[in-house]
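Trainee: Structure below; questions to follow.
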């Protein structure tokens, strides 16, 4: 380090008592030099920063803040860095601060085997360092420095320090090109110091608390197995923040694992590209591009690449053989003891299917936002600024609009409420609103992070005076006020839905929207599903439902005596939206709620609605006798389930259902 103007501080300032000066987390490299080599080291520092390696360098204010006692920063930095880069020259070996730093680095290397010194011979040579004549010339300088700084320098220690340097590998300038030499130095440093590229996680509300909950689970699992690799599974529905928390955990573990952390997003890119990325992130292996995929996979399995403990997050395991095979590639890798591997997925059942790695004890659900964190997320997304006393109430209503039942409670057969749409069609007053959300709070509910973010951003685009009106109009488009072609929330759920077979899609829609309120003749829900889907046995129905649960589309299964199967509110809303997607001529279901236009009352050009297999009329308002009279059921010869709930007519209506030749359930 160059001698600063403040270097005249007396030896009393250099006492060994630690002041615990906090170093910038990104500083992992200590650059030690003499002022005569300032230009060379400044350029070297810039080259390292271009490679996302950030040295502790005395010419950077963030390394030595103005107005603070710099000796403490220097010696604390040596203790906190992983690598000490020593730019050696004649001037270096005869100057106070460079020699004090060098002695301190050698002491640190002897105490901490992980601390590495990299001698760079720029204006001197290995030969000169070993030559007794040169040491005789430097020794008087050391005597003088030791007299002035007895707590930091001793002549014998200076001798021993040079002997230590002679015993370790180094780089020596050949006198040809300083630019090329700097590139060699940068390459050598990059091999031992990982890039300090922190993943963006500042947007996560409750970040520290959520990370701690997961870290506590990891610690618990580590305590159960003193040695070896700790494997933890994290599950939760789409949009609950699993990927975001993986980023936060990578940042949390960055220092502990010296940068050997990796977020592997399983859905992005090819499997081969991901393998290279993981090996590159977790090891110091060079020339990976020269290795084949087979060599990479085998090397990872045999433990040839990763030599020190790591944190690896495998994000978004899907329900497919290819996905299971890909995840097992990493779970079966030979990783050093102390490593942590976390796998995220939407369903706990998917984790438990890998019995070799997961059980009930090492799986956990994604931690949920509390009310304060949910409020903070909405306020930030909407850029809301409080203006009056009523604003707190308005924000509360917006946040509660994103409060969902995780496991939609089963309804009794005598419950005449509209159980197939998760909200009333319209809140007549705030008392009705409060009553509805009081009911939600009594059940297993949570605040959905993606919904909070989407609603905040969408309401933030319109005048605040219109917010209350928007919150009272309840349909699936409350989260798509701008009518975007790609729904901000449902587009994510749609990925899971469209991986289902057409038969399972129909079964899922039936569970969400078409289960009967009252099943006649003592038939339960499981039997009803078996009947309308022509399944041969109860076990076949349960197997199909279990498959939906494994894919995280269902929350829980009842014994069949109740009329609902546990499902997240957002999935029910998605199903309602799906019944309206595209033209009726291509849809298999029609779900008609009050005040919603419907093509059911029109005659198709082909004479029948060929694709439609399910029809439901829901709600007590909006269906006039004349409107229902106009329904032409003869156009729906392929419908096998017809459902009508709470249609209050002012006069009797006679419906001709003779055209429903495939009808199984009314």
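Residue numbers (my numbering): -5 to 660. The beta carbon of each residue, even a glycine, is placed where N, CA and C say it ideally should be. Treat the numbers as computed from the prediction; the structure is a model and nothing was measured.
#1: Could you tell me the distance, in whole angstroms, from the CA atom of residue 537 to the CA atom of residue 201?
#2: For residue 484, does the three-state DSSP call read helix, strand or coil?
#3: Under DSSP, the beta strand (DSSP E) around residue 339 begins and ends at which residues?
#4: Across the segment 72 to 92 and the segment 113 to 125, are there enough close Cβ pairs to call them in contact, namely three or more that are closer than 8 Å?
#5: Touching or not, the segment 84 to 100 and the segment 151 to 160, by the rule of three or more beta carbon pairs under 8 Å?
#6: According to DSSP, simplified to helix, strand and coil, what is residue 310?
#7: When the distance is taken between beta carbons, is residue 257 closer than 8 Å to residue 376?
#8: Residue 336: which of 231, 599, 101 and 358 sits nearest, CA to CA?
#9: Can you tell me the Cβ-Cβ gap for residue 75 and residue 51, rounded? I've got them flagged as a contact below 8 Å.
#10: State the DSSP-derived secondary structure class of residue 231, mapped to helix, strand or coil.
#11: Check the C-beta distance from residue 246 over to residue 205 and give it rounded, since I have them as a contact under 8 Å.
#12: May I ask you to verify whether the segment 233 to 248 touches the segment 272 to 282, counting CB pairs closer than 8 Å and requiring at least 3?
#13: Measure the alpha-carbon distance for residue 362 versus residue 441 and round it to whole angstroms.
#14: Leaving out the 5 sequence neighbours to the left and right, which residues in its chain are closer than 6 Å to residue 118 when beta-carbon positions are compared?
#15: Excluding the 5 residues preceding and the 5 following residue 480 in the sequence, name in chain order all residues of the same chain whose CB lies nearer than 8 Å to its CB.
#16: Once the 5 residues before and after residue 605 are set aside, which same chain residues still bring their CB inside 7 Å of it?
#17: Is it a yes or a no for the segment 305 to 317 touching the segment 327 to 343, going by three-plus beta-carbon pairs under 8 Å?
#18: Let's test the definition: count the other Cβ atoms within 10 Å of the Cβ of residue 350 and tell me whether it reaches 16, buried, or not, exposed.
#19: Kindly confirm or deny that the segment 289 to 297 and the segment 342 to 356 touch, where touching means at least three C-beta pairs closer than 8 Å.
#20: Determine, using beta carbons only, whether residue 319 and residue 229 come nearer to each other than 8 Å.
#21: Identify, in the order they occur along the chain, each residue of the same chain with its Cβ nearer than 7 Å to the Cβ of residue 549, setting aside the five sequence neighbours on each side.
#22: Between residue 483 and residue 445, how many whole angstroms is the CB-CB distance? I'm expecting something under 8 Å.
#23: Are residue 104 and residue 139 closer than 8 Å when you measure CB to CB?
#24: Give me the Cα-Cα distance between residue 150 and residue 288, rounded to the nearest whole angstrom.
#25: Which residues does DSSP list as the beta-bridge partners of residue 608?
#26: In whole angstroms, give me the CA-to-CA distance for residue 203 and residue 632.
#27: Are the CB atoms of residue 622 and residue 636 nearer to each other than 8 Å?
#28: Note down, one range per segment and in chain order, each beta strand (DSSP E) of at least 3 residues found wholly within the segment 354 to 393.
#29: I need the DSSP call for residue 81, collapsed to helix, strand or coil.
#30: Tell me which same chain residues have a C-beta within less than 8 Å of the C-beta of residue 165, skipping the five on either side of it?
#31: For the beta strand (DSSP E) containing residue 259, name the first residue and the last one.
#32: Span of the beta strand (DSSP E) holding residue 208?
#33: Quick check: the Cα distance between residue 651 and residue 385, rounded to an integer number of angstroms?
#34: Grab the span of the alpha helix (DSSP H) containing residue 21 for me, first residue to last.
#35: At which residue ranges does the segment 530 to 579 contain complete alpha helix (DSSP H) runs of 4 or more residues, listed in the order of the chain?
#36: Per DSSP, which residues does residue 288 bridge with? Please list them.
Mentor: Looking at the atomic coordinates:
#1: Between the C-alpha atoms of residue 537 and residue 201 there is a straight-line separation of about 38 Å.
#2: Helix, per DSSP.
#3: 334 to 339
#4: yes
#5: Because the criterion of three Cβ pairs below 8 Å is met, the segment 84 to 100 and the segment 151 to 160 touch.
#6: Strand at residue 310.
#7: No, Cβ-Cβ distance for residue 376 and residue 257 is not below 8 Å.
#8: 358
#9: Taking the Cβ atoms as the reference, residue 75 lies roughly 11 Å from residue 51, outside the contact range of under 8 Å.
#10: coil
#11: That belief holds up - the Cβ atoms of residue 246 and residue 205 are roughly 5 Å apart, short of 8 Å.
#12: no
#13: 7 Å
#14: 82, 83 and 84
#15: Excluding its 5 nearest sequence neighbours in each direction, residue 480 has no C-beta neighbour in its own chain below 8 Å.
#16: 579, 580, 581 and 582
#17: yes
#18: With fewer than 16 other Cβ atoms inside 10 Å of its own Cβ, residue 350 counts as exposed.
#19: Here the segment 289 to 297 does not lie against the segment 342 to 356, with fewer than 3 beta-carbon pairs under 8 Å apart.
#20: no
#21: 400, 401, 560, 561 and 562
#22: The beta carbons of residue 483 and residue 445 sit about 6 Å from each other, so the pair counts as a contact at 8 Å.
#23: no
#24: 53 Å
#25: 583 and 635
#26: 54 Å
#27: no
#28: 357 to 359
#29: In the structure shown, residue 81 falls within a strand segment according to DSSP collapsed to helix, strand and coil.
#30: 112, 113, 114, 115, 175, 178, 179 and 182
#31: Unbroken beta strand (DSSP E) run through residue 259: 255 to 259.
#32: From DSSP, residue 208 is part of no beta strand (DSSP E) but of the alpha helix (DSSP H) over 201 to 218.
#33: 52 Å
#34: For residue 21, there is no enclosing alpha helix (DSSP H); the enclosing beta strand (DSSP E) covers residues 21 to 26.
#35: 532 to 544 and 563 to 572
#36: The partner list for residue 288 (beta bridge, DSSP) is empty, contrary to what the question assumes.
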